[in-house]
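Notes for the one structure printed next.
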Amino acid sequence: MADPWWRDAVVYQVYPRSFADADASGGGDLPGLRSRLAYLVDLGVDAIWLNPFYTSPMHDGGYDVANYCDVDARFGSLGDFDALVTDATALGIRIIIDVVPNHCSSQHPWFQEALDAGPSSEARKRFIFRDVPNNWESHFGGPAWTRTPDGQWYLHLFDSTQPDFNWRHPDVVAMFDRVLRFWLDRGVAAVRIDMANTLFKDPELPNLRAGSTLVPYYDQPEVHGLYRSWREILDSYPTDAFPGPRGAVAEIWFNSPDIARPYLTKDGLPQTFNFRLMRVPWAAAELGAVIDEAHRLIADSGGSMPWVLGNHDITRMVSRLGIDQTLIRRPTDALRRGAVEVDVPLGTRRARVAALLLLALPGTAYLYQGDELGLPEYLAIPADRREDPTFHRTAGAVVGRDGCRVPLPWSGSSPPYGFADRPVRTWLPQPPDWAALTVEAQLSEEDSMLNLYRAALRLRREHPALGDGKMTWLNSGADELAFTREPGFGFVANLGDKPSFLPSGSRIILTSGPLDGAMLPADTAIWYQR
Ligand code: NOJ
């Protein structure tokens with residue numbers, strides 16, 4: 000493993016509500032996760048990133064936090080969290096948590112105090128209250144401002160139950176210092192910073208201008224001073240014992256390297272997510288360009304950018320890769336609405352290639368729970384079972400993210416597929432046809448997606464090139480991605496529609512699918528020893 004550990008860790012993202020349900024309430028919980036740690040050890044991951052499990056009315060899956068320093072009763076207790084850290088540490092797995100600094104829940108005591116205290120009060124200054132709103136829109140649809148009974152408006156870039164903090168207020172800064180220390184003291188190895196680029200807004204709150212690329216609630220320069228101070232907090236923790244140096248990864252969505260660059264500094268947050276592999280069509284030239292762009296950014300800055308192929312906000316990989324790839328760039332919800340044809344077998348073949356690509360690239364890899372099972376997006380969730388605020392704020396016009404958040408299938412042939420150990424109405428319904436996708440079913444099928452991930456993760460740990468080994472592109476056909484890592488490792492993927500030649504004189508150590516003699520079939524990748 001590289002030094003520090005987070006530079007090449009494989010991190011498994013747990014969406015706690017959908018991982019495992021110990022108390023058969025229909026929603027996952029921390030004891031459920033704790034009871035399944037052996038699965039993650041066996042899979043071969045180094046760390047777990049947990050989506051929010053804090054006290055919350057759950058209007059946005061827990062990204063509406065009412066108490067940053069406690070566990071919501073539906074997930075367990077602080078004692079359960081401590082027990083999870085103890086057990087995971089004993090098994091060599093680090094725990095990464097989510098910190099949500101842009102906004103809290105409208106149930107947070109500070110926001111309740113602000114509502115009670117009225118206009119011009121000190122309590123309102125911790126949030127962004129105005130007498131007149133501007134034209135900003137919520138990421139979830141509709142206006143970004145909601146009016147209070149006394150006539151003032153407050154800003155919320157997300158749901159109306161998620162008021163944005165005023166990050167120019169010292170109380171907000173001080174509270175998050177405490178929150179970071181609270182969890183670092185409990186043994187967390189790193190934090191993931193939600194919406195890391197929106198904390199500060201242009202103080203004038205100017206209207207968004209049509210056609211302008213400047214967004215007044217993104218990337219304000221003050222945020223870097225804040226992150227330098229957070230880095231000092233992280234670095235003040237001992238680095239010698241497990242979990243070692245404490246990390247942090249910023250959630251930044253960027254379309255151009257110029258946006259990402261200021262976040263990639265030696266004294267700011269240690270890591271910035273790279274989501275670009277999910278945002279380009281599945282084609283060798285585009286994927287190669289994204290990888291090159293990341294390498295340039297990292298080389299220039301000394302920063303580190305974890306690769307991501309799926310998460311709780313993005314349509315499942317198997318479905319995404321099974322649609323007409325010209326649709327990927329458009330901001331379309333059509334796939335989730337069922338308005339686009341999805342070829343799941345094709346998407347699955349490509350997702351197997353994607354897994355081998357992700358785990359062969361230099362750097363940290365984030366895996367989203369269920370992608371190791373090849374779960375497709377669940378498209379048939381009835382409207383009255385949908386939870387995503389996006390769906391509700393747009394009166395169903397934008398379907399939202401529920402389809403990638405469905406409870407995991409562990410075993411058995413019908414819902415709840417071992418998610419709970421007895422019949423239960425799960426918080427989101429599970430499809431009736433997932434029997435072949437359960438962990439149990441896939442463990443006994445040699446060529447399953449799960450066994451591919453297990454094999455790849457085992458090789459990644461063992462192979463000397465798959466830590467820090469230098470990567471070099473090979474000359475290859477236009478539809479191929481081919482590179483080496485030193486010492487002695489090679490990767491080739493055929494993303495075209497015709498077979499290509501396998502590299503000569505190589506010893507294949509892993510394939511994403513069956514080969515055809517000396518040929519590498521379309522939508523197939525190999526790892527080989529040179
Ligand atoms: C990004 C999170 O990943 C997403 O799930 C959430 O809805 C928004 N931030 C708001 O917190």
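Using numbering that gives the first Met the number 0, read the sequence shown as starting at 0 and increasing by one per residue.
Where is the CB? At the ideal position from N, CA and C, for every residue including glycine.
Check: residue i C-beta below 7 Å from any heavy atom of ligand 1
i                 : result
methionine 194    : yes
tyrosine 367      : no
glutamate 250     : yes
histidine 168     : no
valine 535        : Because residue 535 is not part of the residues shown, which for the chain are 0 to 529, the question remains open.
phenylalanine 128 : no
glycine 309       : no
glycine 60        : yes
aspartate 218     : no
valine 99         : yes
phenylalanine 157 : yes
aspartate 432     : no
aspartate 312     : yes
CB of residue i within 8 Å of CB of residue j, strictly
i                 : j                 : result
arginine 16       : leucine 83        : no
isoleucine 96     : valine 187        : yes
proline 215       : aspartate 201     : yes
serine 499        : methionine 470    : no
phenylalanine 390 : glycine 402       : no
arginine 384      : proline 428       : yes
leucine 449       : phenylalanine 18  : no
arginine 295      : isoleucine 232    : no
arginine 349      : tryptophan 281    : yes
arginine 260      : serine 300        : yes
alanine 42        : alanine 87        : Reading the sequence as shown, one finds leucine at residue 42 and not alanine. No, the pair does not count as a contact, with Cβ atoms beyond the cut-off.
leucine 465       : phenylalanine 482 : no
alanine 521       : phenylalanine 490 : no
valine 13         : glutamine 324     : no
tyrosine 11       : valine 438        : no
alanine 65        : proline 56        : yes
Exposure label - residue i; buried when at least 16 CB within 10 Å
i                 : result
serine 503        : exposed
phenylalanine 157 : buried
serine 511        : buried
arginine 73       : buried
phenylalanine 175 : buried
serine 137        : buried
leucine 326       : exposed
proline 388       : buried
threonine 314     : buried
glycine 31        : buried
glutamate 203     : exposed
valine 222        : buried
glutamate 461     : exposed
Chain-order list of residues whose beta-carbon lies under 7 Å from that of residue i (same chain, five-residue window excluded)
i                 : result
alanine 455       : Ala354, Leu355, Leu358 and Leu509
alanine 116       : Ala122 and Arg123
asparagine 134    : Asn206 and Leu207
alanine 143       : Trp135, Glu136, Ser137, Leu154, His155 and Leu156
alanine 382       : Gly395
aspartate 312     : Arg400
lysine 497        : Ala521
phenylalanine 241 : Thr88
Closer than 8 Å to chain D by CB, residue i
i          : result
serine 505 : Among the protein chains of the structure shown there is no chain D, as only one such chain exists.
Beta-carbon proximity list for residue i, same chain, < 8 Å, skipping 5 on both sides
i              : result
isoleucine 322 : Leu334, Val339, Glu340, Val341, Asp342 and Gly346
proline 145    : Inspection of the sequence shows that residue 145 is occupied by threonine rather than by proline. Excluding sequence neighbours, threonine 145 sits near Trp152, Tyr153, His155 and Ser159.
isoleucine 92  : Leu36, Leu39, Val40, Val44, Asp45, Ala46 and Ile47
Proximal residues to residue i (C-beta, below 6 Å), its chain only, five neighbours per side dropped
i                 : result
arginine 392      : Phe139, Gly140 and Gly141
phenylalanine 128 : Gln151 and Tyr153
alanine 113       : Ala122, Arg123 and Phe126
aspartate 184     : none
glycine 417       : Trp409, Ser410 and Gly411
cysteine 68       : Phe181
glycine 243       : Trp4
Notebook entry, point to check: Is the segment 412-431 touching the segment 474-484, taking contact as three or more C-beta pairs under 8 Å?
Noted result: Contact between the segment 412-431 and the segment 474-484 is not established, with fewer than three Cβ pairs separated by less than 8 Å.
Checklist line | Validate contact between the segment 363-370 and the segment 302-309 using beta carbons, cut 8 Å, 3 pairs | finding: yes
Next item on the list: Indicate whether the contact test is met: 3 or more Cβ pairs, each with one atom in the segment 244-254 and one in the segment 267-279, closer than 8 Å.
Entry: With a cut-off of 8 Å, the segment 267-279 and the segment 244-254 count as touching, because enough Cβ pairs lie within range.
Checklist line | Inter-stretch contact at 8 Å, needing at least 3 Cβ pairs: the segment 161-169 / the segment 91-109 | finding: The way I'd put it, the segment 161-169 does touch the segment 91-109; three or more beta-carbon pairs between them come closer than 8 Å.
Notebook entry, point to check: Is the segment 220-231 touching the segment 258-272 in the sense that three or more CB pairs, one from each, lie closer than 8 Å?
Noted result: yes
Notebook entry, point to check: Is the segment 21-28 touching the segment 58-75 in the sense that three or more CB pairs, one from each, lie closer than 8 Å?
Noted result: yes
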